Structures are given as structure tokens and as C-alpha cells.
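Participant:
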Amino acid sequence: MDNDVILALAAENPGMGGVDQLVNIYWALSGVLAAGVPGAVVEIGCHEGRTSVFLHMVAEHFAPGRDLHVYDSFAGLPPPGPHDTDYSSPGQLSTGVADLTRTFARWDVAPPHVHPGWFADTLPAELPERVCFAYVDGDLYESIRTALTALYPRLAPGAIVIVDDYCDEVRSPRAFAGFPGVKKACDEFFADKPERVSVLVGTGKLAFGYFRKS
Ligand SMILES: C[S@@+](CC[C@H](N)C(=O)[O-])C[C@H]1O[C@@H](n2cnc3c(N)ncnc32)[C@H](O)[C@@H]1O
Numbered sequence: 081m082d083n084d085v086i087l088a089l090a091a092e093n094p095g096m097g098g099v100d101q102l103v104n105i106y107w108a109l110s111g112v113l114a115a116g117v118p119g120a121v122v123e124i125g126c127h128e129g130r131t132s133v134f135l136h137m138v139a140e141h142f143a144p145g146r147d148l149h150v151y152d153s154f155a156g157l158p159p160p161g162p163h164d165t166d167y168s169s170p171g172q173l174s175t176g177v178a179d180l181t182r183t184f185a186r187w188d189v190a191p192p193h194v195h196p197g198w199f200a201d202t203l204p205a206e207l208p209e210r211v212c213f214a215y216v217d218g219d220l221y222e223s224i225r226t227a228l229t230a231l232y233p234r235l236a237p238g239a240i241v242i243v244d245d246y247c248d249e250v251r252s253p254r255a256f257a258g259f260p261g262v263k264k265a266c267d268e269f270f271a272d273k274p275e276r277v278s279v280l281v282g283t284g285k286l287a288f289g290y291f292r293k294s
């Protein structure tokens, strides 16, 4: 697939899916697919689907026919908790399934399986049984804890999960630090797991953590 699509998609979604984000997603997702890791591709916190479109394109190129499942309240963010800053407010990023459908139509890409609702209500019952790659982008402590708890047991060995807004200011000093609850949720979740979250770096403020399921 021709990577110039990254420039076009990044221009549409600079705040949530810039070049650094998409390039890292490209290599991680194409890698697990080329290695034959089984399972579906998921995005937890898909908003209007601009990164979801890219997940579909990469998956279709490297392993045609993989299912793509995307999850969002479509009512925006829930209220922040004690581990979050007031960088965001409840209802911020509110959108609709129709907006996501329009994004897929505009890029002439078949729509994914869409799961509207709060993560706590949808993920435990509606995640696929096997997942090879997940992009987790929920901004807040509780959203990330809920996502990791539901996702982890379904990850195939070798699966990769990228968590957006994982800001480690020591290992990645330029990373965006607006959502400190994300790193806290990850670090607490992995305290008793064999995997560790590594950081991915880019030319800008990329705040991406990732782990590979052992
Ligand atoms: C930053 S946006 C996602 C952007 C998208 N990944 C992209 O690249 O374009 C975060 C999304 O997470 C959703 N979200 C956060 N916490 C949630 C929760 N607990 N349940 C459902 N949706 C949630 C919000 O509605 C919002 O659309």
C-alpha cells in the first residue's frame, strides 16, 4: 500500500492522528499481520473513525478479511476522575455513528463493526474472542483501566496494543502530558503482568505507549 495516504489522513485529523501516530500504527499493525498473529483489529475510542479508516486500509493490505471492531460512547468523554486533570470536560468530543459512517464513505472503505456505548457496558461482552492489534485511545484513567481489563485476556500471543496519551516524560520528554491518568492506569494494570509498556517516539509530541502480549 502506498503510504502517501498517511499525509492525507493526518491533514484531516492533526490533533488525534498525525503523521507520527499513523506511521507507528502502520509498522505495529503491519508487523503483527505479516507475522500471522490471529484475531481481529480493534480501536477503543474511535471518535469519527479517521484512524479507524487507516486501520482498515492497513489490515486489508496485509491480511484481507480481518474484522475491524470500533468502540465509542459517541456521547464524548465521561467525567474525569481524581487521576485525571481538567484538560477535558464531560461530553467533549461528542459525535455520532453517522459521522463515522461518513468518514468511511468518504474514503470509500467498507464500514467496520461499530459498538456504541460506554466501554464498561460494551467491551466485556462485545470484544471479539481473539484480538491481534488494538489501538486504545480513551484519554481518561477509568476508560483505560476498563479497556485493558476487558482486552488483555483476549489478546493473541504476539498481539500488539498501542495506548495513546501514554506520556512518560523521562523516556519521551516531548510527549504530550495532558492525560496523566492514562500512564497511571497502564502502570497499575501491568504491575502484576509479565509485559511492560514501552514508549514510541516521533518528531513531535507523540505520547504512545505499546506492549506486545507474551
Ligand atoms: C481522542 S478521542 C479518539 C480519537 C480517535 N482514536 C482518532 O484517532 O481519531 C477519544 C474518544 O474516546 C471516547 N471515550 C473515552 N472514554 C470513553 C468511555 N469510557 N466509554 C466510551 N467512549 C469513551 C470519547 O467519546 C472519544 O471519542
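Numbering (my numbering), first residue to last: 81 to 294. Don't be surprised by glycine CBs; every beta carbon is placed ideally from N, CA and C. Note that the coordinates shown come from a computational prediction; the quantities given were computed from them, not determined experimentally.
1) How many Å lie between F256 and K263 at the Cα?
2) Closer than 7 Å: is that where the CB of W187 sits relative to any heavy atom of ligand 1?
3) Any heavy atom of ligand 1 closer than 7 Å to the Cβ of G176?
4) I'd like to confirm something about F256: is its beta-carbon nearer than 7 Å to some heavy atom of ligand 1, or not?
5) Between which two residues does the beta strand (DSSP E) holding E123 run?
6) Is there at least one Cβ from chain D nearer than 8 Å to A185's Cβ?
7) Looking at V150 and E123, is the spacing between their C-beta atoms short of 8 Å?
8) Here's a check: name, in chain order, each residue in its chain whose Cβ is nearer than 6 Å to the Cβ of G282, leaving out the five neighbours to either side.
9) Check H136 in the structure and name its three-state DSSP category.
10) Quick one: grab the DSSP three-state call for L280.
11) Where do the N-terminal and C-terminal ends of the beta strand (DSSP E) with C212 fall, by residue?
12) Verify the contact flag: S169, CB atom, against every heavy atom of ligand 1, threshold strictly below 7 Å.
13) Just reading off the alpha helix (DSSP H) that V241 is part of, what are its end residues?
14) Taking DSSP as the reference, what is the three-state secondary structure of P204?
15) Y290 bridges to which residues according to DSSP?
16) What I want to know is whether the C-beta of A199 ends up closer than 7 Å to one or more non-hydrogen atoms of ligand 1.
17) Consider the C-beta atom of C126 and the heavy atoms of ligand 1; say whether any pair is separated by less than 7 Å.
18) With the cut-off set at 8 Å, would you say Y221 and I242 are in Cβ contact?
19) DSSP puts P196 in a beta bridge; with which residues?
20) Rounded to whole angstroms, what's the CA-CA distance from A115 to A239? Just pull it up for me.
21) Using the three-state DSSP reduction, which class does Q101 fall into: helix, strand or coil?
Facilitator: Here's the rundown:
1) Roughly 12 Å separates the two Cα atoms.
2) no
3) no
4) no
5) 120–124
6) The chain labelled as chain D is not found in the depicted structure, where only one protein chain is given.
7) yes
8) D100
9) helix
10) strand
11) 211–216
12) False, no ligand heavy atom lies under 7 Å from that Cβ.
13) Where V241 is concerned, there is no enclosing alpha helix (DSSP H), although the beta strand (DSSP E) it sits in stretches over 235–244.
14) helix
15) I242, S278
16) Residue identity check: residue 199 is Phe in the sequence provided, not Ala. In this structure, F199 has its beta carbon less than 7 Å from a heavy atom of ligand 1.
17) yes
18) no
19) D152
20) 10 Å
21) helix
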